[in-house]
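Going by this note's numbering, the sequence shown opens with residue 5, and the numbers climb by one from there.
Below is one structure, written out as structure tokens; comments come after it.
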Amino acid sequence: MIKVGIIGVGTVGSSVVKILQKNKDIITARAGKEIMPVLGVVQNLDKDRGLNIPLSSNVDDILNDNTIDIVVELMGGVDDAFRVVKKALLKGKAVVTANKAMLAYHRYELQKSANKHAIGFEASVAGGIPIIKALREGLSANHIESIKGIMNGTCNYMLTKMMSDGVEFDAILDEAQKLGYAEADPSFDIGGFDAAHKLLILASIAYGIDAKPEDILIEGIEKINSEDVFFANEFGYNIKLLTIAKKSGDSVELRVHPALINKKEMLAKVDGVMNGVSVVGDCVGETMYYGPGAGGDATASSVVADLIDIVRNGNNSPMLGFKKILENDVLKLKNRDEIFTKYYIRLEVEDRIGVLSKISNILGDENISINSFLQKQSIDKKFATLLFSTHQCFEKDIQNAIAKIKECDFIKQNPAMIRIEE
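Printed below as a string of structure tokens:
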């Protein structure tokens, strides 16, 4: 029998306990041994969780119990969780975690600390989708050329409703909070940080690259409005919060931001709270992964899968997918100024002669050519909304152009920009 202690018995932790007990027979058959939850740690012992395992408020009750074989960390946070996981490993216990924020900062330190003890973290990325196992094992024969993902259900739900129903950002955020899809403080989700943490974990497995959230481009969906939705629908795009990793030569670009993607693309069809990840390998081509990215049962399913894998296989697989460094192929993080793609720009301007000419000149000076253009008149006819898309250009050039346009006396509001991924 394998004994499991669970630190953090909230929605996911409770589901883990219930799955282990409800599906005990098939889990035992697949693992070869019974996996039994024997102790949970919670902050509030007075809350009734409807579980029939002992509960404690002291983490050390699990860490110092030599009969507990595997620690499941679901407490959340970064540094405290890291200390708990590291201590569990030093105590000779295997660990399963769903903590993407902690892994975004400490995954390489944990890999060193693990030594001969397994760390499972499938549940940290895209909930119930087995994307980590796919990258680490199923696609291990491939150089990964790119990863593109929709990995935040909150943003995807909001953008889906904005695109399909024309709902404004503030209204759909309020609805998402009432439905429980968005937190009371939604900034972690709508600001792109949650998705960025997941991207960094996948990038480590795909490329062996050690980057922190502060190192990469992260933008949220807060500035998207009905004009952007109008342009997207007019030209056959959907707007998605996209996580992107692309390998080019000896560098990898990592970025998270809203993007216009063609409605015909598979990722464009991932709607509501669902997640989707596209991975392109040099041998296999494109593979696509789709499913629930959050929720107690979906995330717990991945946690239990890691428990089964650890019991069945021990620590035979390297945590981040590499048993040795590729000495002659060390990849570096691409500078964000070198991003090369198409762009969409929204401008609110005074409706007077010469404005469009000045904007065109600024774009031309920065080596940017216009691909498509729409103009929408305001009700009072004093102002106009200009909507552009560009041909491919460098990020540094579009940023320089926007900075120059922002200083013009005819600009009513700060310019807005969304990248186009094709």
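Even for Gly, the Cβ is constructed at its ideal location relative to N, Cα and C.
Counterpart residues of Ser252 in DSSP-defined beta bridges: Ser255
Secondary structure of Val4, DSSP reduced to three states: Because the chain in this structure spans residues 5 to 426, residue 4 falls outside the shown range and cannot be described.
Buried or exposed (CB count within 10 angstroms, at least 16 for buried), Gly289: exposed
Extent of the continuous alpha helix (DSSP H) to which Gln417 belongs: Neither: Gln417 is in no alpha helix (DSSP H) and is coded neither H nor E.
Status (buried if at least 16 other CB within 10 Å, exposed otherwise) for Pro58: exposed
Straight-line gap, Glu187 to Gln181 (C-alpha atoms, nearest Å): 6 Å
At least three beta-carbon pairs within less than 8 Å, the region 220-232 to the region 187-199: yes
First through last residue of the beta strand (DSSP E) which encompasses Leu55: Note, Leu55: premise wrong, no beta strand (DSSP E); not H, not E.
Extent of the continuous beta strand (DSSP E) to which Gln379 belongs: Ile374 to Gln381
C-alpha distance - Gly9 paired with Val45, whole-angstrom precision: 8 Å
Through-space distance from Gln417 to Leu431, alpha-carbon basis: With the chain running from 5 to 426 in the structure shown, residue 431 is simply not present.
Ala127 vs Thr303 beta-carbon contact at 7 Å: yes
For Lys307, the first and last residue of its enclosing alpha helix (DSSP H): According to the sequence shown, residue 307 is Val rather than Lys. Counting along the chain, the alpha helix (DSSP H) containing Val307 begins and ends at Gly300 to Asn317.
Proximal residues to Val63 (C-beta, below 7 Å), its chain only, five neighbours per side dropped: Ile11, Val45 and Val88
Beta-carbon proximity list for Ser364, same chain, < 8 Å, skipping 5 on both sides: Ile374
C-beta contact flag for Lys273 and Glu149 at 7 Å: no
Under the three-state DSSP convention, the category Tyr185 falls into: coil
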